[in-house]
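Novice: Numbering (the numbering used here), first residue to last: 10 to 248. What follows is a structure written as structure tokens; I'll ask about it next.
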Amino acid sequence: MRASTFLLQTRARLRRRYALPGLELPDDLSTRAAELQQTSRRLCELLGVSVEIRGLRPTGPCWLVANHLGYLDPLAIGGMTPCVAIAKRELAGWPLLGEALTRLGGLFVTRGNAHDGAVVLRRALGSIARGVSVLTFPEGTTSIGDDVLPLRRGIFGLARRTGLPVVPIAVHHRPRESAWIDDQLFLPHYLRTIARPRTRVVLGIGEPLLPDAAPSPAALADLTRARLRVLLHELAGSP
């Protein structure tokens, strides 16, 4: 398949160009984020995914906060703007894609591991300090996309600490079957996705929220969730 061939070629190129990140974030993180943007765009093309953007593209550095429907979301958002993404640890072990994301600055967290979560949050702060936006899906899981689950507040504490804006991004898939719920097997779902003539991922970008718009991280998480729900409702009702 074309996507697999592209990832094989990408892995070979990245191995020549970028060392695997160590404990410290690489100095060339912004360059890697730009390459991740180009890689994400190309993968969307090869997978037959069209990305529609409604709203103003964010300018970094900022905290990109989105609802989560599946593996297409970080590709769609990552192709829109340079960033590093916080993803579940299992993704780092995916063939081809996992290594590419690791070399390009991906931040991987083990669910339920508080120490691992703290390490990833520190690395997210380091990414922001280097001028690279951070993409996060603080629902903590995927859904069919009818609503936005409560948002974990860790990333919102970082937003208040840095003073940089939170940009809400509502994600809507068409058809809705392209959403990948956690208990679904990946390969059958992936094969159905690439067999479609086209899959649409619509991104509704909201106005940036300044951290002082809410009195606490929890309140900022609630405010962001409310904005995401409005954006998602607008996308669901539009053609």
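Ideal Cβ positions, reconstructed from N, Cα and C, are used throughout, including at glycine. Small disclaimer: the values here were computed from a predicted structure and weren't measured.
Taking the alpha carbon of residue 167 as the point to measure from, which residue in 149, 127 and 38 has its own alpha carbon closest?
Specialist: For the purposes of this step, residue 167 is taken as the residue at position 158 of the sequence shown. It is 127.
Novice: Between the segment 98-111 and the segment 196-212, do at least 3 Cβ pairs fall closer than 8 Å?
Specialist: No: fewer than three Cβ pairs fall under 8 Å.
Novice: Which residues in the same chain have their Cβ closer than 8 Å to the Cβ of residue 190, if we skip the five residues on either side of it in sequence?
Specialist: Here residue 190 is taken as the residue at index 181 of the sequence shown, counted from 1. Excluding positions up to five away in sequence, the list reads 79, 151, 152 and 153.
Novice: Report whether the distance from the Cβ of residue 202 to the nearest heavy atom of the ligand PLP is below 7 Å.
Specialist: The ligand PLP is not part of this structure, which contains no ligands at all.
Novice: The alpha helix (DSSP H) with residue 112 in it runs from where to where?
Specialist: In the sequence shown, residue 112 corresponds to position 103, counting from 1. 106-112 is the span of the alpha helix (DSSP H), which, as asked, contains residue 112.
Novice: Using the rule of at least 16 other Cβ atoms within 10 Å of the residue's Cβ for burial, across every protein chain shown, is residue 196 buried or exposed?
Specialist: Numbered from its first residue, the sequence shown carries residue 196 at position 187. Residue 196 is exposed by the Cβ-count criterion.
Novice: Can you tell me which of the three DSSP states residue 146 falls into?
Specialist: Taking the sequence shown and counting its residues from 1, one reaches residue 146 at position 137. It is coil, neither helix nor strand.
Novice: What are the start and end residues of the alpha helix (DSSP H) that includes residue 53?
Specialist: Here residue 53 is taken as the residue at index 44 of the sequence shown, counted from 1. Residue 53 -> alpha helix (DSSP H) spans 38-55.
Novice: State the DSSP-derived secondary structure class of residue 13, mapped to helix, strand or coil.
Specialist: Here residue 13 refers to the residue found at position 4 when the sequence shown is read from its first residue. Of the three classes helix, strand and coil, the one that applies to residue 13 here is helix, per DSSP.
Novice: According to DSSP, is residue 184 helix, strand or coil?
Specialist: Taking the sequence shown and counting its residues from 1, the one referred to as residue 184 is at position 175. DSSP places residue 184 in coil when its eight states are reduced to three.
Novice: State yes or no: is the C-beta of residue 217 within less than 8 Å of the C-beta of residue 157?
Specialist: Position 208 of the sequence shown, counted from the first residue, corresponds to residue 217. Position 148 of the sequence shown, counted from the first residue, corresponds to residue 157. No, the Cβ-Cβ distance between residue 217 and residue 157 is not below 8 Å.
Novice: May I ask you to report which of helix, strand or coil DSSP gives residue 245?
Specialist: Within the sequence shown, numbered from 1, the residue matching residue 245 stands at position 236. The answer is helix: DSSP assigns residue 245 an H, G or I state.
Novice: For residue 236, count neighbouring Cβ atoms within 10 angstroms of its own Cβ and tell me buried if that reaches 16, exposed if not.
Specialist: Here residue 236 refers to the residue found at position 227 of the sequence shown. Counting Cβ neighbours within 10 Å, residue 236 comes out buried, since at least 16 surround it.
Novice: With 16 other CB atoms within 10 Å as the buried threshold, where does residue 187 fall?
Specialist: Working through the sequence shown from its first residue, we reach residue 187 at position 178. When all chains shown are included, residue 187 counts as buried.
Novice: Can you tell me which of 124, 116, 17 and 88 puts its alpha carbon nearest to the alpha carbon of residue 99?
Specialist: Stepping through the sequence shown from its first residue, residue 99 is reached at position 90. The shortest C-alpha separation from residue 99 is found at 116.
Novice: Output the boundary residues of the beta strand (DSSP E) element that contains residue 225.
Specialist: Within the sequence shown, numbered from 1, the residue matching residue 225 stands at position 216. Note, residue 225: premise wrong, no beta strand (DSSP E); not H, not E.
Novice: Going along the chain, which residues of its own chain have a beta-carbon closer than 7 Å to the beta-carbon of residue 243, five neighbours each way excluded?
Specialist: Within the sequence shown, residue 243 is the residue found at index 234, counting from 1. For residue 243, where only same-chain residues beyond five positions count, the Cβ hits under 7 Å are 213.
Novice: Counting beta carbon pairs with one atom in the segment 134-147 and one in the segment 62-72, are three or more of them shorter than 8 Å?
Specialist: With a cut-off of 8 Å, the segment 134-147 and the segment 62-72 count as touching, because enough Cβ pairs lie within range.
Novice: Under three-state DSSP, which class holds residue 154?
Specialist: Taking the sequence shown and counting its residues from 1, the one referred to as residue 154 is at position 145. Residue state, collapsed to three classes: coil.
Novice: Could you give the uninterrupted runs of the beta strand (DSSP E) lying entirely in the segment 66-143, keeping only those of 3 residues or more?
Specialist: Listed in chain order, they are 72-75, 92-97 and 116-118.
Novice: Would the beta-carbon of residue 180 fall within 8 Å of that of residue 75?
Specialist: Within the sequence shown, the letter at position 171 stands for residue 180. Within the sequence shown, the letter at position 66 stands for residue 75. Closer than 8 Å, so yes.
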